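If you're matching them up, the sequences are chains A and B in order. Sequential numbering from 1 applies to the first sequence in my numbering. Sequential numbering from 1001 applies to the second sequence in my numbering. Note that beta-carbon positions come from the ideal geometry of N, C-alpha and C, so glycine has one too. The structure displayed is predicted, hence computed values, not measured ones.
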Amino acid sequence: MSEWLKKNYNALWSRYGNGTFAFEDVEKELGLSRSMTIKTLWELEKRGFVNKERSEVDYRARNYRLISPEDIAYVVGLYSLVEKEKTRGQTLMDKFVLIGEKLPYAITGSYAAYHYHHYMNPPKVVEVKVEPQDEGRWIAFLTDEETRVFVGDVIETRKAKNYVRLMHSSRSIRTIGEKTGRGYYIEKPEFLVIELLERQTQTSIIEAVAIIALNESQIAWSGPNGVVNIASSSGISRRLGFLLDAMNFEAKRPVVGQEVLKDVKKDVAGRSSEVFPSNEISLSRFRELRNKLAHRSLLTDEEIDELERAKERFEGYGELSQKWGIQAILPRGVIRKVLDDLGVELGKE
Amino acid sequence: MIWVLSLGKSEEGRLESISLRDLESINEAAQNFQINLILIGGYAVRAYTNPRSWRFTKDMDFITTSKDLGALRGVLDLLGYSLERTEFGLKGSKKVNKNSFELHVSVDKVIDWSTGREYKLPEDVFAKADNVDVKASLEENMGLEVNVMVAPVEDVLIMKLMTERPRDHFDAIAVILDSFHDLDILRFKENCNQDDLSRHIFNRLESVLADLRRGLVKDLWREFTRREFIRQQRVDLRAKINKLIEVLSIF
């Protein structure tokens, strides 16, 4: 690191430590010109010495937080243990292999899901669950010319080859992760399915269905770290039961054994006000349909007919909704399409 | 079943390169035997959008004509696909290691499974098809690309706008943002009219505009890319959709 940058980093650290600061603070505190402030923050960011977050007050503004000298020293020490040759041309995944068990982590979300289903390409953002106290080390370790690391939302608008989103887990990282044949750690399917169901977007549901359909016999359903228990402790047994039942319903055969469904059902009693999936996009589409149908006098018969059919598609799992005590607004085609695409033998209607 | 061993590549990387090579072989065979066959679906969207939008299945979707179906069956059979007739045309599958590749061929029309709506192929769809490079999406396959015949951007956009799936709406938004300059707006309008889809597509575009105002496009973008939908994209998308609406509103 050049002397001027070291000096600016030290000045900012002694003033703000782990606290956040804004662009204007750097200008004022260090008495720098606007262009020099941009250069300082840019260089710190490029080296992984600062974390950039969205301001909670102003959506457009950014807050910065320095990575501590201890975390930077840890990463420098880590790299010094590796032969220089090996660090050259390293990909992001090589870095995950290199870190091994030194810092616990588990790749989650679509990247991990892709490992299990090979069905739908993951996006360019790799989501990784890490321990909160290791965040600074991860930012300093993973950031390089090609990779930008974020805690929370990815707010980078400049093009980078890789984006990493660091996330926390309510469970121990070592419990949820497993090593892949390639040497990096990903979230075990049992925890991942629950993670995807918690997100409850149409895409995450599709990915959960694909993982279950292709790995049903390898997934641990019972036991302390089995899917049924994890769902129960996460409060999403209804969602899980509904999804598994819907998969069996679409396939017209038990993709998932009845004994698993019985186990899930033990945790479910009565009705709830839960809507599934309850993401803004699905809810908004459903509300839009309902609102339009509430004003029938403004519509032609043909339009009413079309809207009624669309509403029926959303509410196609009437019986299963009742059985699991939720209001399901998942179009039936969603699950059926995944099963069909994956070559799961489907029974006839 | 085919067993493929490719040293140094991950399973994901192997699958992607096999599927792209298969795509190339199918395309070449179709051209050699003068079979009308073009790509639609995810791969077509991939050809018309920037790499950031890639969130597709490895399944291949094609369209052909009923007169070419027999010859196409022969080609796919030779390439190792087991085939079955479906209500929309043909479904093929091939096992590679533990994974399965699926392809769907729609004949003369495309049926949207989410609504049951049909899009009859316009007469000029094969003549107007584009020869486009489809690039690999995984880093380890960097540099791998195949040149294939892809449905015209207007038809790809109509097929994506006619469905109810949020994923298709995301694809449509990405196509509008990235390939609007290639879009023949009059052809887009004519093809919507031809299948009596104008009202439906018009409503869908209006609904995307409403989603844009309510911040739902931002959510959709984040769901598929895990990234931000920035102000410049919002302004750009609104202007382009307004142009499409303007053209469609003269019906």
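- Annotation: residue 1067 of chain B is outside any alpha helix (DSSP H) and is labelled neither H nor E by DSSP.
- For residue 1237 of chain B, no pairing in a beta bridge is given by DSSP.
- Scanning its chain for C-beta atoms nearer than 7 angstroms, with the 5 sequence neighbours on each side dropped, one finds around residue 1178 of chain B the residues 1048, 1049, 1050, in chain order.
- Within its own chain, the residues whose Cβ lies closer than 8 angstroms to the Cβ of residue 272 of chain A, once the five positions on either side in sequence are excluded, are 238, 325, 326, listed in chain order.
- Any Cβ of chain A closer than 9 angstroms to the Cβ of residue 1145 of chain B would place that residue at the interface, and such an atom is absent.
- In terms of CA proximity to residue 1067 of chain B, B/1108 leads the group B/1044, B/1095, B/1108, B/1032.
- Residue 125 of chain A has a beta carbon lying within less than 9 angstroms of a beta carbon in chain B.
- Flagged as an interface residue toward chain A: residue 1058 of chain B, by a C-beta distance shorter than 9 angstroms.
- Near chain A, meaning a CB-to-CB distance below 9 angstroms, the residues of the region 1208–1228 of chain B are 1210, 1211, 1214, 1215, 1216, 1219, 1220, 1222, 1223, 1224, 1225, 1226, 1227, 1228.
- Taking 9 angstroms as the threshold, the shortest C-beta distance from residue 273 of chain A to chain B does not fall below it.
- When CB distances to chain A are screened at a threshold of 7 angstroms, the residues of the region 1166–1190 of chain B falling below it are 1166, 1167, in chain order.
- Here DSSP, grouped into helix, strand and coil, assigns residue 255 of chain A to coil.
- By the beta-carbon neighbour count (other beta carbons within 10 angstroms, threshold 16), residue 269 of chain A is exposed.
- Around the beta carbon of residue 333 of chain A, 16 or more other beta carbons sit within 10 angstroms, so the residue counts as buried.
- When CB distances to chain A are screened at a threshold of 9 angstroms, the residues of the region 1004–1036 of chain B falling below it are 1010, 1011, 1012, 1015, 1016, in chain order.
- Per DSSP, residue 1102 of chain B lies in no alpha helix (DSSP H); the unbroken beta strand (DSSP E) holding it starts and ends at 1099–1107.
- Taking C-beta atoms under 8 angstroms as the contact rule, residue 1013 of chain B and residue 1140 of chain B qualify, at a distance of about 4 angstroms.
- Taken through DSSP and simplified to helix, strand or coil, residue 25 of chain A comes out as helix.
- Secondary structure of residue 114 of chain A (DSSP, three-state): helix.
- Taking C-beta atoms under 8 angstroms as the contact rule, residue 63 of chain A and residue 124 of chain A fail to qualify, at a distance of about 24 angstroms.
- Residues of the same chain with their beta carbon placed closer than 7 angstroms to that of residue 306 of chain A are lacking, with the five preceding and five following residues left out of the count.
- Apart from sequence neighbours up to five positions away, no residue of its chain approaches residue 318 of chain A with a beta-carbon distance below 6 angstroms.
- Among the residues facing chain B, residue 105 of chain A is not included, as its CB has no counterpart in that chain under 9 angstroms away.
- Identification of chain A residues near residue 1099 of chain B by a Cβ-Cβ cut-off of 7 angstroms yields 118, ordered along the chain.
- Going by DSSP, residue 167 of chain A is part of the beta strand (DSSP E) stretching over 162–167.
- Residue 279 of chain A sits in coil when the DSSP states are folded into three classes, being neither helix nor strand.
- For residue 1221 of chain B, the number of other beta carbons within 10 angstroms of its own is at least 16, and it is reported as buried.
- The region 1097–1106 of chain B makes no contact with the region 1178–1198 of chain B; the number of CB pairs closer than 8 angstroms stays below 3.
- In chain A, no part has a C-beta under 8 angstroms from the C-beta of residue 1198 of chain B; the shortest such distance is about 14 angstroms.
- Proximity of chain A to residue 1154 of chain B at the Cβ level (cut-off 8 angstroms) is not reached, the minimal Cβ distance being about 24 angstroms.
- In the structure shown, residue 124 of chain A adopts coil according to DSSP, grouped into three states.
- Taking all protein chains in view, the Cβ of residue 235 of chain A is surrounded by fewer than 16 other Cβ atoms within 10 Å, so the residue is classified as exposed.
- Assignment of residue 1011 of chain B by DSSP, reduced to helix, strand and coil, places it in the helix class.
- Contact note: residue 1102 of chain B reaches chain A through 341, 343, using a C-beta cutoff of 7 angstroms and chain order.
- Residues are counted here when their Cβ sits less than 7 angstroms from a Cβ of chain A; for the region 1103–1117 of chain B these are 1113, 1114, given in chain order.
- For residue 1140 of chain B, at least one C-beta of chain A is nearer than 9 angstroms to its own C-beta.
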